Amino acid sequence: MTASIMPKTILAKLVWAGIAILGASAIGGIAIHRGESINAIWFVFAAACTYLVAYRFYSAWICAKVLVLDETRATPAERFNNGRDFIPTNKWVVFGHHFAAIAGPGPLIGPTLALQFGYLPGTIWILVGAVLGGCVQDMVIMFCSTRRDGRSLGQIARDELGPVGGWAAMVGTMLIMLILIAVLGLVIVNAMKHSPWATATVLGTIPVAMLIGIYMRGIRPGRVLEGSLIGIALLLVCVVGGGWVDQSDALRGLFDWSGESVAWFVMIYGFAAATLPVWLLLAPRDYLSTFLKLGVVFLLAISILVLAPDMKMPALTQFIDGSGPIFKGTLFPFVFITIACGAISGFHSLVSSGTTPKLLPNERDIRMIGYGSMALESFVGIMAVIAACVLDPGVFFAINSPAGVVGKEAAAAVATISAWGFPVSVDQMEMLAREMGEKTLFARTGGAPSLAVGMATIFSSTFGNTLLSMWYHFAIMFEVLFILTTLDAGTRVGRFMLQDILKHVWKPLGNVSSYPMTVASSLIFVAAWGYFLWQGVKDPLGGVNILWPLFGISNQLLAGIALSVATGILIKMGKARYAWVTGLPLTWLAIVCTSAAMEKVFSPNPAIGFLAGAASMAEKLAAGALPPDRAAVAPQLIIGQQIDAALALFFAVVLWVVIVDMLRMSLRIRSGKAVLPLSESKYIKTRLDPDLVAASH
Amino acid sequence: MIREELKRRLKQLWHYLRQVTGDDAFERYIAHRKLVHAGEPLPTRQQYFKARQDEKWSKVSRCC
Chain A
41 MTASIMPKTI
51 LAKLVWAGIA
61 ILGASAIGGI
71 AIHRGESINA
81 IWFVFAAACT
91 YLVAYRFYSA
101 WICAKVLVLD
111 ETRATPAERF
121 NNGRDFIPTN
131 KWVVFGHHFA
141 AIAGPGPLIG
151 PTLALQFGYL
161 PGTIWILVGA
171 VLGGCVQDMV
181 IMFCSTRRDG
191 RSLGQIARDE
201 LGPVGGWAAM
211 VGTMLIMLIL
221 IAVLGLVIVN
231 AMKHSPWATA
241 TVLGTIPVAM
251 LIGIYMRGIR
261 PGRVLEGSLI
271 GIALLLVCVV
281 GGGWVDQSDA
291 LRGLFDWSGE
301 SVAWFVMIYG
311 FAAATLPVWL
321 LLAPRDYLST
331 FLKLGVVFLL
341 AISILVLAPD
351 MKMPALTQFI
361 DGSGPIFKGT
371 LFPFVFITIA
381 CGAISGFHSL
391 VSSGTTPKLL
401 PNERDIRMIG
411 YGSMALESFV
421 GIMAVIAACV
431 LDPGVFFAIN
441 SPAGVVGKEA
451 AAAVATISAW
461 GFPVSVDQME
471 MLAREMGEKT
481 LFARTGGAPS
491 LAVGMATIFS
501 STFGNTLLSM
511 WYHFAIMFEV
521 LFILTTLDAG
531 TRVGRFMLQD
541 ILKHVWKPLG
551 NVSSYPMTVA
561 SSLIFVAAWG
571 YFLWQGVKDP
581 LGGVNILWPL
591 FGISNQLLAG
601 IALSVATGIL
611 IKMGKARYAW
621 VTGLPLTWLA
631 IVCTSAAMEK
641 VFSPNPAIGF
651 LAGAASMAEK
661 LAAGALPPDR
671 AAVAPQLIIG
681 QQIDAALALF
691 FAVVLWVVIV
701 DMLRMSLRIR
711 SGKAVLPLSE
721 SKYIKTRLDP
731 DLVAASH
Chain B
636 MIREELKRRL
646 KQLWHYLRQV
656 TGDDAFERYI
666 AHRKLVHAGE
676 PLPTRQQYFK
686 ARQDEKWSKV
696 SRCC
């Protein structure tokens, strides 16, 4: 092991003590601060110091004592080097790939939604959850896959725990994909509905992506850099063009879509992107959105440091009692469900196994790439908190509260929100909407618009107080663009997964190169997530209240499966006394996930419990207490909530099946009974000079 | 001296950028093939690029 666990020189010891003290004071300051607003710089310090200390000490300790990384051992990239997917690659390049793959829209949306509890609970969970949970999960799974020829989580689960674990991982992954796409679709709907500017811009990005696809395929094959640069320039033209459309009375109406229309657009788009050849739409869009994502994250970090804005949100709000407008439910367990990405995200285990390990030049790089990338994603979550806290709390709640909670009319909404103690006026909201180039910003639940207003405020102040509406629509385009990337990539992979499961029913269904099967399975998959999306669009409480917790639970379920596999492997490796490294986050997730699922299913409060929600709606429908438009969709919503209940219950059961399977195996090991052998591949000494990989080009 | 150093750094950055985006993936692949499987027929840039893309997007390569 290269890195020693403790610093050696006195100077190094002093520097690390200084970082630790600064971090502790910043966290302490944030935690006990009340009253006047607090500066965002403290959040940056608290986060940076937490990651630095955790990376320097905790991850080094795990790598040295628990995983015992061996830098003399050849990685799959070296052993199976085929110049294509297995290829030893400069560790900074792998870091870039891995970070771009794991950081999606999740760490921007979840932390924004969780702000209804105030900034404190979310911030603490993002920091603690990441350094003790998320980073550890990503790193340990990456280690397990690297030691197993770069196999995927599903295969590792099957090899190590047996068929039960394997099936759970497979079905769990597909279901999380389904819910993820539905909820992200809902975020897009709420950002684009009745916004001609946003709609025109987003529609414009589709031909741009296709153009770049044709350029990179036919005109200048594989010239990724120049193609992407042209594409980014065209995207900026789309933002400006959207503004022209918004100004033109003739064109405005064409792009003024209802929520239902946007939902149909999202479904048709998802189907098209999954069935068209990848080079035409999916791949070029991904290049553009990745460049944009990294650029915006970088820009946001610089702007926050330069501007040092004040955080206007209180540390805690009264909504910790469960009565929040964005989603219902008490602080525990819902803050831990709402913020999955940014703290711990099970989805990462799919990239940490299977993809990234095939590129690693040396085992020692697992620490930087696995633990480090997740720390960086967590920092993106902290920046989302800061960007949304720049808004007045009244404005934040006005943008994010669904009409079903605060009322359809602007006057009613501001009265309700002001009565909560977050003053806001109709004039203020109208003025803000005008500045952002929108007709209204009320009831845009989902996190994207409030984040975009926050980012636009930060960017425009940093760059000279101009172009607020341009920045806002740039931010919206940026968010929608990479949500769409997740959506079409997810639909495509979901289709493969569905076929993988269906082939057990009837072999020909699994044929991924047959066109009719492609169309049929894509249709089924889109219809499945489309169902949940539709339910969310129709839901009077805004849909986020239903779908986001369901997504959080499914994501934490996948993390639970990954951590169970990791814990089982540690025990098999004879490291039972260190099994708490993954066992601790697993225990916490099991508690959080189970309590949240139970509340979402069985809570007697109709705004929280799916079953109570269905029953209450059925009662109102029978009593004729619903207005005609609501009564028309009520029967669908009732069935929808019952399906949601079944799904949440299923998630909890799958999680416990895997945990029990892992515990059963551990007990067998303790009593000396036979278990599946460790599937680690044989030691082969590396012949690669790591410094050569670093310098090669 | 400083100019030399700056030039070297910029070149390094350019190489990194090309590598991280996959801009030079084809050249690397050809170099690998020539080294390991010398004399065998090679794909064109277009064929290679298409195959890599199809492969990349048939598994989970983007998270939430």
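From first to last, the protein sequence lines stand for chains A and B. Following our numbering from start to finish, the first sequence increments by one per residue and tops out at 737. Following our numbering from start to finish, the second sequence increments by one per residue and tops out at 699. All residues carry an ideal CB built from backbone N, CA and C; glycine is no exception. Just so you know, these numbers come straight off a predicted model, no measurement behind them.
Extent of the continuous alpha helix (DSSP H) to which residue i belongs
i	result
D658 of chain B	Here D658 of chain B belongs to no alpha helix (DSSP H), and DSSP marks it neither H nor E.
E417 of chain A	S413 to C429
N595 of chain A	V584 to K612
F374 of chain A	L371 to T378
W165 of chain A	Y159 to V168
E403 of chain A	Here E403 of chain A belongs to no alpha helix (DSSP H), and DSSP marks it neither H nor E.
S561 of chain A	Y555 to K578
T112 of chain A	Per DSSP, T112 of chain A belongs to no alpha helix (DSSP H) and is neither H nor E.
F126 of chain A	Careful: F126 of chain A lies outside any alpha helix (DSSP H) and carries neither H nor E.
N440 of chain A	P433 to N440
A685 of chain A	P668 to R710
E690 of chain B	R680 to K691
M752 of chain A	Shown here, chain A extends from 41 to 737; a query on residue 752 of chain A therefore has no answer.
E266 of chain A	V264 to Q287
A512 of chain A	Contrary to the premise, residue 512 of chain A reads as Tyr rather than Ala in this sequence. Unbroken alpha helix (DSSP H) run through Y512 of chain A: L508 to L542.
C89 of chain A	I81 to V93
Residue i to residue j span [Cα, whole Å]
i	j	result
R727 of chain A	T115 of chain A	10 Å
W511 of chain A	L340 of chain A	12 Å
A104 of chain A	M702 of chain A	25 Å
M408 of chain A	R113 of chain A	17 Å
F387 of chain A	S288 of chain A	43 Å
D361 of chain A	I221 of chain A	29 Å
M41 of chain A	D405 of chain A	The predicted position of M41 of chain A is uncertain, since its pLDDT is 44 and thus under 50; a value taken from the coordinates is nonetheless stated next. Whole-angstrom Cα-Cα distance: 11 Å.
G530 of chain A	F311 of chain A	11 Å
T627 of chain A	I342 of chain A	37 Å
E417 of chain A	L661 of chain A	45 Å
F661 of chain B	Q654 of chain B	10 Å
Close Cβ partners of residue i (< 7 Å) along its chain, the five nearest in sequence each way excluded
i	result
S376 of chain A	First, the amino acid is wrong: residue 376 of chain A is Phe here, not Ser. Within the same chain, F376 of chain A has close Cβ partners W165 and V632.
H737 of chain A	Legend: pLDDT at H737 of chain A = 42, less than 50; position of this residue unreliable, value from coordinates given subsequently. Here the set comprises nothing.
D296 of chain A	H234 and P236
T456 of chain A	V446 and G447
Beta-carbon gap between residue i and residue j smaller than 9 Å
i	j	result
S235 of chain A	F518 of chain A	no
A60 of chain A	V93 of chain A	yes
V420 of chain A	L148 of chain A	yes
A4 of chain A	C89 of chain A	Nothing in the structure corresponds to residue 4 of chain A, since chain A is present only between 41 and 737.
A637 of chain A	L689 of chain A	yes
A428 of chain A	P151 of chain A	yes
A355 of chain A	A170 of chain A	no
G394 of chain A	L193 of chain A	yes
E200 of chain A	S719 of chain A	yes
L598 of chain A	G212 of chain A	yes
L153 of chain A	T396 of chain A	no
A80 of chain A	I426 of chain A	yes
I422 of chain A	F126 of chain A	no
Top-ranked residue by Cα proximity to residue i, from the options
i	options	result
P625 of chain A	A:F691, A:C278 and A:V605	A:V605
G202 of chain A	A:L716, A:Y723 and A:M557	A:L716
L590 of chain A	A:V223, A:G169 and A:G68	A:V223
F514 of chain A	A:K333, A:S594 and A:L62	A:K333
W304 of chain A	A:G75, A:Q575 and A:S706	A:Q575
P401 of chain A	A:S643, A:Y571, A:W132 and A:A141	A:W132
H177 of chain A	A:V673, A:L507 and A:A415	This sequence places Gln at residue 177 of chain A; His is not what is there. It is A:A415.
D467 of chain A	A:D579, A:M250 and A:T480	A:T480
R292 of chain A	A:E300, A:G283 and A:G299	A:G283
T163 of chain A	A:L218, A:G69, A:I541 and A:G244	A:G69
I72 of chain A	A:S656, A:A630 and A:P161	A:P161
Same chain, Cβ closer than 6 Å to residue i, five either side skipped, listed in chain order
i	result
A619 of chain A	T607, L610 and I611
T485 of chain A	N230, N440, P442, G582 and V584
M557 of chain A	N551
S739 of chain A	This structure cannot speak to residue 739 of chain A, because chain A is shown only from 41 to 737.
A140 of chain A	T330
Own chain, CB closer than 8 Å to residue i, minus 5 neighbours either side, in chain order
i	result
A453 of chain A	A438, S441, A443, V446, G447, F482 and A483
I216 of chain A	G386, F387, F591, S594, N595, L597 and L598
I254 of chain A	L320
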